[in-house]
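Novice: Sending over a structure as structure tokens; questions will come in a sec.
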Amino acid sequence: MYEGAVQDLIDELGRLPGVGPKSAQRIAFHLLQADSDDVDRLVTALTEVKARVRFCTVCGNVAEAELCRICADPRRDPSLICVVEEPKDVVAIERTREFKGRYHVLGGAISPMDGVGPNDLRIKELMTRLLGGTVEEVIIATDPNLEGEATAAYLSKYLRELHVRVTRLASGLPVGGDLEYADEVTLGRAFEGRRLIDA
Amino acid sequence: MPLVRAGADQAVIRCAVVRDGRESVVELELNPGRANRARLNRSPLTRPRDILGTLSTVLFAPEDLALVKGDPAERRRFLDDLLVARQPRWAAVRADYERILKQRNALLKSAQPLLRKSERGRARRSASIVPGEDPTRAVDDALHTLDIWDGQLAECGSHLLYARLRLLRDLGPHLGTAYGAVSAAVTEAHADYRTSLSGPVAERIGRGEVPEAAQLKEAIRTTLAQSRPQEVERGVTLTGPHRDDVVLRLGDLPARGYASHGESWSLALALRLGAFALLRHDLGTDPVLILDDVFAELDAGRRTRLAELVADCEQVLITAAVPEDVPASLVGRTYAVTLGSVDPS
Ligand SMILES: [Zn+2]
């Protein structure tokens, strides 16, 4: 244990994902020895991200205003919605430049062992969005792993009752992986070859 | 036995493997408290699992007596390990199955209060499509999520079950031959699959048939549907390959409970030697056979016969605490392992 302020910093850093106690200690002492200017820039970045960045009220993507850049763009096709797990998946799909519709970010995937059920995801918001009637096709682009497949199966059952076209990204994505790790070409092809989920 | 020397932070196992005339270097880095790493020909592999299949081995050790006398889990592991040794892609199916099972059990436990409200585990139709708008919807949601994991369990489980049944069918003759050779007895050794499924497909499995994967999938779904009330009550998955067993038999009698100590050893050894023969047949090349401290466990007759049996294997590694335990007919290079050093002797 260290004196007050240093230990407080170590404790806070240790609560970040992927940072163990040893790394927390290393980062804390790095900051302690760094120039004041460097530390100030970090402090500003942290304050700004909390002050300016929020989640789009429509799609759940990260945004700097009420709506994210994509939802605010009138050129994006509102009849097409691509459902993804995380904001990082939006970034991955945008890189392919294949998709001209809009997104819906669920905030994760169904995973009972992590305590995540359908009600912990932004599914209610998706249904409410669809009841508006402008959406014609929903492309489910959850990760190609067990939890992503379970989430896709869950969604497709309820979406079919709303009479929208429901498609799933074509296979060819690395199984068991994360969407964000698929390269642009593979992901782009998966969009072109998406298949209808039938009843 | 710890693999990392006291005081050191890691251990490295390195071996040169010659296969089809080509040499490759396999390295495994054991890092206590951190992820282990694997390298093939100096390049790191992202998943240590990818090393599987580079070097094929069959290990026989004193713990193998548990294959005959131990819990069903021992025999399931034997089958699944052999599946992976035959075709490494089964490692992924097996890992998926384990994960589906964990997810499904977690759901059965966490959603138990909701699931108990359902009529025998079946959904009534709720009025609203929007989650959280109608109370019966929560029950429906839990049931529907359970249905999804049922589907995944049936899909993945049927592949695993199909592979195990085929494996057992292929292994049978090799097991019989190996048992005869090791025990010098006239009694025949058999291994029968015992499934946790019920219905006509289960009866076919009981008769030693191998139904198609699609039929197995349907049978898993049906049995899951039947056992759902009990599963909801107990909060665990009661059907599937993880509840199955292999019944080892000598003649008409089950080995567990009837086989003598010597017969049990012969059977355990026959399972490993049978696996060796199957891999030799499949791969067209010999796996490395490792006999880890087992000669001390066998009587004189079994020692001599085992020595004869392994004489034509390409490479056999034998460990023994007492050199005299190893039959004199086995000749090869010997090393003396003392505290911290290995020297030719
Ligand atoms: Zn948005």
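Quick mapping for you: the protein sequence lines, in order, are chains W and Z.
Just so we're aligned, residue 1455 is where the first sequence starts under the working numbering, counting upward by one.
Just so we're aligned, residue 985 is where the second sequence starts under the working numbering, counting upward by one.
Note that CB positions come from ideal geometry on N, CA and C, so glycine has one too.
No experiment lies behind these values; they were computed from the predicted model shown.
(1) Listing by chain order, which chain W residues have their CB less than 8 Å from the CB of residue 1125/Z?
(2) Under three-state DSSP, which class holds residue 1261/Z?
(3) When the Cβ atoms of the region 1124-1139 of chain Z are set against those of the region 1168-1179 of chain Z, are three or more pairs found closer than 8 Å?
(4) Run through DSSP, which three-state label would residue 1430/W get?
(5) Kindly indicate which three-state DSSP category residue 1536/W falls into: helix, strand or coil?
(6) Residue 1086/Z touches chain W at which residues, Cβ-Cβ below 8 Å?
(7) Taking DSSP as the reference, what is the three-state secondary structure of residue 1645/W?
(8) If distances are taken between C-alpha atoms only, which option among 1533/W, 1532/W, 1560/W and 1529/W comes closest to residue 1543/W?
(9) Hey, could you find the ends of the beta strand (DSSP E) residue 1213/Z is sitting in?
(10) In the DSSP assignment, find the alpha helix (DSSP H) that holds residue 1062/Z and state where it starts and stops.
(11) Going straight from the alpha carbon of residue 1358/Z to that of residue 1312/Z, what length do you get?
(12) Name the residue from 1297/Z, 1282/Z and 1293/Z whose alpha carbon lies nearest to the alpha carbon of residue 1268/Z.
(13) Output the boundary residues of the alpha helix (DSSP H) element that contains residue 1286/Z.
(14) State the Cα-Cα distance for the pair residue 1534/W and residue 1564/W, rounded to the nearest angstrom.
(15) When the Cα of residue 1156/Z is compared with those of 988/Z, 1314/Z, 1001/Z and 1258/Z, which residue comes out closest?
(16) Measuring straight from C-alpha to C-alpha, what distance separates residue 1522/W and residue 1190/Z?
(17) At 7 Å on the CB atoms, spell out the chain B contacts of residue 1564/W, in chain order.
(18) Measuring CA to CA, which of 1471/W, 1584/W, 1651/W and 1488/W is closest to residue 1603/W?
(19) Considering Cα atoms alone, identify which of 995/Z, 1001/Z and 1003/Z is closest to residue 1021/Z.
(20) Is there contact here, the region 1032-1041 of chain Z with the region 1053-1067 of chain Z, by at least three beta-carbon pairs under 8 Å?
(21) If you run the structure through DSSP and keep just helix, strand and coil, what is residue 1180/Z?
(22) Spatial neighbours of residue 1037/Z within its chain, please: C-beta separation below 7 Å, excluding the five flanking residues on both sides.
(23) Could you give the residue range of the alpha helix (DSSP H) that holds residue 1088/Z?
(24) Name the two residues that bound the continuous beta strand (DSSP E) containing residue 1322/Z.
(25) Would you say residue 1203/Z and residue 1224/Z are within 8 Å of each other, going by their C-beta atoms?
(26) Spatial neighbours of residue 1618/W within its chain, please: C-beta separation below 7 Å, excluding the five flanking residues on both sides.
(27) Report the rounded CA-to-CA distance for residue 1167/Z versus residue 1252/Z, giving the unit in angstroms.
(28) Return the chain-ordered ranges of every alpha helix (DSSP H) run that is complete within the region 1001-1061 of chain Z and spans a minimum of 4 residues.
(29) In this structure, how does DSSP classify residue 1311/Z when only helix, strand and coil are distinguished?
(30) Taking the alpha helix (DSSP H) that residue 1242/Z falls in, what are its first and last residues?
(31) Threshold first: 4 residues or longer. Then list the alpha helix (DSSP H) segments lying entirely within the region 1475-1558 of chain W, N to C.
(32) Taking the DSSP output, what are the residues bridged to residue 977/Z?
(33) Can you name the residues of chain Z whose CB is closer than 9 Å to the CB of residue 1603/W?
(34) Excluding the five sequence neighbours on either side, which residues of its own chain have a C-beta within less than 8 Å of the C-beta of residue 1271/Z, listed in chain order?
(35) For a contact defined as C-beta to C-beta under 7 Å, what are the partners of residue 1036/Z on chain W?
(36) Kindly list the residues whose CB is nearer than 7 Å to the CB of residue 1518/W, restricted to its own chain and excluding five residues on each side of it in sequence; keep chain order.
Specialist: Taking the definition as stated:
(1) 1571, 1572 and 1573
(2) helix
(3) no
(4) It is not possible to answer for residue 1430/W, since the shown part of chain W is limited to 1455 through 1653.
(5) In the structure shown, residue 1536/W sits in a strand (DSSP, three-state: E or B).
(6) 1567
(7) helix
(8) When each option's Cα is compared against that of residue 1543/W, the closest is 1560/W.
(9) Counting along the chain, residue 1213/Z falls outside any beta strand (DSSP E), though it belongs to the alpha helix (DSSP H) covering 1197-1218.
(10) 1056-1070
(11) Because chain Z here runs from 985 to 1329, residue 1358/Z falls outside it and cannot be looked at.
(12) 1297/Z
(13) 1284-1294
(14) 23 Å
(15) 1258/Z
(16) 60 Å
(17) Considering every chain present, this structure includes no chain B. Its protein chains are W and Z.
(18) 1651/W
(19) Of the listed residues, the one whose Cα sits closest to residue 1021/Z is 995/Z.
(20) no
(21) coil
(22) For residue 1037/Z, where only same-chain residues beyond five positions count, the Cβ hits under 7 Å are 1072.
(23) Judged by DSSP secondary structure, residue 1088/Z falls within the alpha helix (DSSP H) whose first and last residues are 1074-1094.
(24) Where residue 1322/Z is concerned, the enclosing beta strand (DSSP E) starts and stops at 1319-1322.
(25) no
(26) The residues are 1584, 1589, 1590, 1591 and 1592.
(27) 11 Å
(28) 1050-1053
(29) coil
(30) Counting along the chain, the alpha helix (DSSP H) containing residue 1242/Z begins and ends at 1239-1242.
(31) 1475-1487, 1490-1506 and 1541-1550
(32) Outside the displayed range of chain Z (985 to 1329) lies residue 977/Z, so it cannot be described from this structure.
(33) 1132 and 1136
(34) 1040, 1041, 1042, 1069, 1260, 1263 and 1264
(35) Neighbours of residue 1036/Z on chain W: none; closest Cβ ~15 Å, over 7 Å.
(36) 1506 and 1507
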